[in-house]
Each structure stands twice: as C-alpha cells, then as structure tokens.
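Visitor: Right, I'll just put the structure down here and ask away after.
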Ligand SMILES: [Mn+2]
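In our numbering, the protein residues as written are 3 to 228.
Right, dumping it as structure tokens:
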C-alpha cells in the first residue's frame, strides 16, 4: 500500500514537473454580424429578406409560391444560412414578378451581408445528385455578374409552377449579388429533381465561396478588389 502511494505521488510530481503541451485550438473564423436585411416594395411586390451567412440552415420562407419556398428552404439548409423571406406579390397576374423580385432581394441581402468580401474563399463548386438527376453548380463571387444556365427541365410546369421562372430568379440573384454562376445539368429526367439539385448545389457552392479562410489577407484577388 505504502509503495503504491509513493509511486502515485512520484508520478504526480513528475506530471507536475513536465510542461503539458498546450494544444492551440484555432477557432473557426466567423466575422461578427455577417448578416443583412433588405426590404423592397414596388407596385408589383413587397419583399423582406433577412440572411445570416454564418448560420445553421434554419429557414422561414413564405413567398406565396410553394415551389419557390421549397427551393429556398433547400438553399438555406444546404448553405447553412439562416434565412427569412416574406413576400407578397401580384400572384393574381402570375408568379413572375414575385419569383424574380425574391431573387433580386435575396441577391441584395447576400451582397450586403458579405460586405467587402475580405477573407472569403470566393469560389465554390458542388455537384449534386438527386436520384437520376445530376447538376453541377460553380460560383465565383467575383463582382462580375454572369449567369450560364444549362438546365432544361423538359417540361413547362412542376405542379402550378412555371419552370422557366427559375432562370429569371437566378438572373436577378446573380445581377444583384454580382456573382458568376454556372448551372449545368449533367443529366436528369424529372424536372423537380433537376431544379432541386440545382438549389442544393447553389447553397453548398455559396457556402464554400463565403467561408472565411484565415490564410487570406484582404480579398482573394490580385486586383485587390472583389
Ligand atoms: Mn422536393
């Protein structure tokens, strides 16, 4: 007994004498308050978008266009953005104004939230499968808006949603966010699957592009401006 106690005491003394290596944990860089809220009202629509870039993927979306709500839910979830979208629009005419203006306002809000874009990775690239569909999404938060949209859903409607409006949504989004966006549907049969894969890909590619990299000082551009 006495011997054991002595050994334990010796071990404790040795432990106390040996400097414990300090494990440095570098916290994930999160710019405080990478969030923005935009309200936009015209004669056609009234829209409020609030977004937090460093979120958890929680979304509260009510645009009056259920298919768009579904897509924006996916976008937030997979981008790990916290997103609120409230829209009322002239849906009695058709869904066009509402869908386009939600894209526009979301683009403005993301651009505001990203501010000077210092320290962000800038590029993102995500291919997403959904059953038979495979869609590739590549983004560059370059400050130069450009959309390449190569996705033919093969039919005009999903439920009562006009599938051609996705192009209009993305165009408005790209122009306001000043994003270079390439959406390429590699293959697919089902329109819902193809569009859904595109929105998951958009969320994930933008999650990558908006991440802060501690190795980047200033902006990720030899021009010094994004
Ligand atoms: Mn779905």
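For every residue, glycine included, the Cβ atom is placed at its ideal position computed from N, Cα and C.
#1: Spatial neighbours of residue 191 within its chain, please: CB distance less than 8 Å, with the 5 preceding and 5 following residues excluded, ordered by chain position.
#2: Tell me the DSSP bridge mates of residue 90?
#3: Just to confirm my understanding: we take residue 111, look at its own chain, exclude 5 residues before and 5 after, and list those with CB closer than 8 Å. What are they?
#4: By how many angstroms is the C-alpha of residue 225 removed from the C-alpha of residue 143?
#5: Between residue 36 and residue 91, what straight-line distance do the alpha-carbon atoms span, to the nearest angstrom?
#6: What residues does ligand 1 have around it, judged by CB closer than 7 Å to any heavy atom, in chain order?
#7: Which residue from 181, 159, 76, 120 puts its Cα closest to that of residue 216?
#8: Whole angstroms is fine: what's the gap from residue 221's alpha carbon to residue 203's?
#9: So, under 8 Å CB-CB, residue 153 and residue 196 are touching, yes? Tell me the CB distance rounded to an integer number of Å.
#10: Under 8 Å between the Cβ atoms of residue 199 and residue 140?
#11: Within a Cβ cutoff of 6 Å, which residues of the same chain sit near residue 80, ignoring the five residues on either side of it in sequence?
#12: Measuring straight from C-alpha to C-alpha, what distance separates residue 165 and residue 70?
#13: Quick check on DSSP: helix, strand or coil for residue 182?
#14: State the DSSP-derived secondary structure class of residue 109, mapped to helix, strand or coil.
Guide: Working from what's here:
#1: Take residue 191, set aside five residues on each side of it, and the residues of its chain with a beta-carbon closer than 8 Å to its own are 134, 135, 156, in chain order.
#2: Its beta-bridge partners are 48.
#3: Around residue 111: 38, 39, 40, 51, 52, 53.
#4: Roughly 14 Å between the two C-alpha positions.
#5: Rounded to whole angstroms, the gap between the alpha carbons of residue 36 and residue 91 is 28 Å.
#6: Cβ atoms closer than 7 Å to ligand 1 belong to 72, 194, 198.
#7: Comparing Cα-Cα distances from residue 216 to each of 181, 159, 76, 120, the minimum goes to 120.
#8: Cα to Cα, residue 221 sits roughly 24 Å from residue 203.
#9: Confirmed, about 6 Å.
#10: In this structure, the beta-carbon distance from residue 199 to residue 140 does not fall below 8 Å.
#11: 202, 205, 206.
#12: Here the alpha carbons of residue 70 and residue 165 stand approximately 10 Å from one another.
#13: In this structure, residue 182 counts as strand in the three-state DSSP scheme.
#14: In this structure, residue 109 counts as helix in the three-state DSSP scheme.
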